[in-house]
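K.L.:
Supplied in structure tokens, the structure appears directly below.
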Amino acid sequence: MVDFEEVVLQRHSTRLFLRDKPVPNELVTEALALATRAPSNSNIQPWQVVIASGPARDRLVEALLAEADAGAPRVPVLPPEFAHFRRDLGSLVYGAMGVPRHDAEARRLAVRRNWEFFRAPMAGIVCMHRDLDFVDSLGVGMFLQTFLLGLTARGLGSCVQVSIAGYPDTVREQLGIGPDMRVLCGIAIGYPDPDFPANAVHVPRNALDQNVVFLQS
Ligand SMILES: Cc1cc2nc3c(=O)[nH]c(=O)nc-3n(C[C@H](O)[C@H](O)[C@H](O)COP(=O)(O)O)c2cc1C
């Protein structure tokens, strides 16, 4: 039994995987089964997940890369007051990758790896029924975090990716996902490349009092 706190602290996003080290299906199934213990509104269990590996994953990557080369993804734009988080994250992660701040081409190529699932041999797609409300995406999020922790406890790396949801029609078409499903995000799953410096980055968090208020009187 791995210590819970250790797993929470160990989990972080992996942005380059060992392409040729296969992910055992049973480890992912165990982590998924754990994740289904997540709470959800009226126990509706709103998460719908497609896991693609082998040729299914490769076809999806090929289609996504073609889309990425043809035009920008449709991802939600951050409101200006939150934009500095993305800038800070970019400096940390791309800095660790050795991508110079003003080298637009190097940055484009690094970002493009999103649509290769950072070379992970396993690609997950997380969906939710279109008729459900945003409150139900909380249940999906809880499922997702437990899934990530279950993967971490089994020695697997992961990265949640809104970038994949930037081309929802391609994802739907390649994986046979119906129009009743909203594509929320992708998730790259695999063994982290130990020689990729950005994989060692642990992104800092706000001080607790920036996000939490205790009122006692
Ligand atoms: C909903 C969601 C979408 C994300 N989308 C992306 C993405 O498209 N590309 C990426 O490299 N990381 C993505 N991430 C990873 C975040 O950048 C990362 O979780 C955050 O910076 C904290 O770092 P950590 O996961 O290493 O602790 C996403 C994470 C979440 C939860």
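FYI, in the numbering used here the residues of the sequence shown are 7 to 223.
We put the CB at the ideal spot given by N, CA and C, even for glycine.
Below 6 Å CB to CB, which residues in the same chain sit around Phe-202 once its five sequence neighbours on both sides are set aside?
P.N.:
Leu-22.
K.L.:
Take every Cβ of the region 141 to 149, pair it with every Cβ of the region 79 to 94, and state whether three or more of those distances are shorter than 8 Å.
P.N.:
With a cut-off of 8 Å, the region 79 to 94 and the region 141 to 149 do not count as touching, because too few Cβ pairs lie within range.
K.L.:
If we call anything under 8 Å between Cβ atoms a contact, is Val-209 one with His-18?
P.N.:
Yes, they are a contact pair.
K.L.:
Comparing alpha-carbon positions, which option in Ile-170, Cys-165 and His-108 lies nearest Ala-72?
P.N.:
It is Ile-170 whose Cα lies nearest to the Cα of Ala-72.
K.L.:
Within the continuous beta strand (DSSP E) that includes Val-55, where are the two ends?
P.N.:
Here the beta strand (DSSP E) through Val-55 covers 54 to 59.
K.L.:
For Val-168 versus Cys-191, is the C-beta distance shorter than 8 Å?
P.N.:
The answer is yes: Cβ separation under 8 Å.
K.L.:
Report yes or no: do the region 151 to 160 and the region 40 to 54 share at least 3 C-beta pairs separated by less than 8 Å?
P.N.:
Short answer: they touch.
K.L.:
Which residue spans inside the region 146 to 217 form an unbroken alpha helix (DSSP H) run of at least 4?
P.N.:
174 to 181, all fully within the region 146 to 217.
K.L.:
Which residues end up in the neighbourhood of ligand 1 when you take C-beta atoms closer than 6 Å to any of its heavy atoms?
P.N.:
Going along the chain, the residues that qualify are His-18, Ser-19, Arg-21, Leu-95, Asn-120, Cys-165, Val-166, Gln-167, Val-168, Ser-169, Cys-191 and Val-209.
K.L.:
Answer yes if the region 135 to 145 comes into contact with the region 178 to 189, meaning at least three C-beta pairs across the two stretches below 8 Å, and no otherwise.
P.N.:
Result yes; three or more Cβ-Cβ pairs closer than 8 Å.
K.L.:
Sorted by chain position, which residues of the same chain lie with C-beta nearer than 6 Å to Ala-126's C-beta, five sequence neighbours on each side aside?
P.N.:
Excluding positions up to five away in sequence, the list reads Phe-23, Ala-194, Ile-195 and Gly-196.
K.L.:
Do Val-67 and Glu-32 count as a contact pair if the criterion is CB distance below 8 Å?
P.N.:
Their beta carbons are not under 8 Å apart, which means Glu-32 does not touch Val-67 by this criterion.
K.L.:
Excluding the five sequence neighbours on either side, which residues of its own chain have a C-beta within less than 6 Å of the C-beta of Val-166, listed in chain order?
P.N.:
Cys-191 and Ile-193, listed in sequence order.
K.L.:
What span of residues does the beta strand (DSSP E) with Gly-130 cover, start to end?
P.N.:
Element bounds for Gly-130: 128 to 135.
K.L.:
Please report how far the alpha carbon of Gly-130 lies from the alpha carbon of Leu-162, in whole angstroms.
P.N.:
Roughly 14 Å separates the two Cα atoms.
K.L.:
Can you find the residues in the same chain that come closer than 6 Å, C-beta to C-beta, to Val-132, ignoring five residues on each side of it along the sequence?
P.N.:
Hits under 6 Å: Val-55, Leu-190 and Cys-191.
K.L.:
Just mark Leu-214 as buried or exposed, buried being the case when its beta carbon has 16 or more other beta carbons within 10 Å.
P.N.:
When all chains shown are included, Leu-214 counts as exposed.
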